[in-house]
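Q: If you're matching positions, the sequence shown starts at 1 in UniProt numbering and goes up one per residue.
I am attaching a structure below and will ask some questions about it afterwards.
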Amino acid sequence: MEKSEIEMGSTSKGKAPLLAAAVHHNRPAGGYKRGAAVFDLILRVCAVAAAMVATIIMATTEQTLPFFTQFFQFQASYDDLPTFTFFVIAMAVVTGYLILSVPFSIVCIARPGVIGARLLLVTCDTLAVTLATAAGGASAAIVYLAHNGNSDANWLAICQQFNDFCQRVSGAVVASFVAVVLLIFLVVISAFALRKKH
1 MEKSEIEMGS
11 TSKGKAPLLA
21 AAVHHNRPAG
31 GYKRGAAVFD
41 LILRVCAVAA
51 AMVATIIMAT
61 TEQTLPFFTQ
71 FFQFQASYDD
81 LPTFTFFVIA
91 MAVVTGYLIL
101 SVPFSIVCIA
111 RPGVIGARLL
121 LVTCDTLAVT
131 LATAAGGASA
141 AIVYLAHNGN
151 SDANWLAICQ
161 QFNDFCQRVS
171 GAVVASFVAV
181 VLLIFLVVIS
191 AFALRKKH
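This is how it looks when you write it as structure tokens:
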């Protein structure tokens, strides 16, 4: 009788740690992935807002300086500069992509173990970071010249005359860099979610 009790005790002791380890191993992985997916969705919605604000502000930026007659007027508009036109197109593409990516982010919340949707998001997010960074960086250089000019190249600063125009394009560039930072966080989150073992 003592021998059977010892065998039963050793059997239960052998199974219990394995069962506990399996439960402990499975529970955090799913919770981690779901939490990362929820955070991804929040950041993605914020990135949509930032990219959309940048696009709208730049696309609606123009200022006219009236002089003595209406026949002599100076006007500054975003489409006067190819860099700002590229900015509007690029940020509009990024905004459209981020809106279309929201359903995939929701799928990652509902099914944290899905790898295909996460791989698609991290790949497209990386491309969106590249495009938004190119647009923001190029436009930031033009904004700097508009504020400070360049005496070596005889480029005059125009922001003393077109103050409203410069403030709006500067705000659009800042919003684009906010979108870039959020996209970088999205790439990092997706990378960690893919790296986490089941």
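Positions of the beta carbon are idealized from the N, C-alpha and C atoms, including for glycine.
Below 8 Å between beta carbons: does that hold for Ser105 and Ala172?
A: Against a cut-off of 8 Å, the Cβ pair of Ala172 and Ser105 comes out as no contact.
Q: Would DSSP call Ala47 helix, strand or coil?
A: Correct three-state label for Ala47: helix.
Q: For Phe86 versus Tyr78, is the C-beta distance shorter than 8 Å?
A: No. Outside cutoff.
Q: Looking at Val88: is its Cβ nearer than 8 Å to the Cβ of Met52?
A: No, the pair does not count as a contact, with Cβ atoms beyond the cut-off.
Q: Tell me, please, whether the stretch 125-140 touches the stretch 183-195 by the rule of three or more beta-carbon pairs shorter than 8 Å.
A: Result yes; three or more Cβ-Cβ pairs closer than 8 Å.
Q: Please look up how many angstroms separate the CB atoms of Arg44 and Ile109, rounded, as I've assumed it's under 8 Å.
A: Rounded, the Cβ-Cβ distance is 11 Å, inconsistent with contact.
Q: Assign Val48 to buried or exposed, taking buried as 16 or more other Cβ atoms, counted over all protein chains shown, within 10 Å of its Cβ.
A: Its Cβ being crowded by 16 or more others within 10 Å, Val48 is buried.
Q: So, with DSSP's three-state summary, where would you put Ser77?
A: Strand at Ser77.
Q: Assuming Arg118 contacts Ala193 (C-beta within less than 8 Å), just tell me the rounded distance between them.
A: So it is a contact: roughly 6 Å between Cβ atoms.
Q: Using the rule of at least 16 other Cβ atoms within 10 Å of the residue's Cβ for burial, across every protein chain shown, is Leu100 buried or exposed?
A: Label assigned to Leu100: exposed.
Q: How big is the Cα-Cα spacing for Tyr97 and Ile158?
A: If you take the alpha carbons of Tyr97 and Ile158, they lie about 34 Å apart.
Q: Tell me which same chain residues have a C-beta within less than 8 Å of the C-beta of Leu81, skipping the five on either side of it?
A: Around Leu81: Ile142.
Q: On the DSSP bridge list, what partners appear for Asn150?
A: Answer is Trp155, bridged to Asn150.
Q: Would you list the one or two residues that DSSP bridges to Gln63?
A: DSSP, once it has assigned bridges, lists Ala76 as partnering Gln63.
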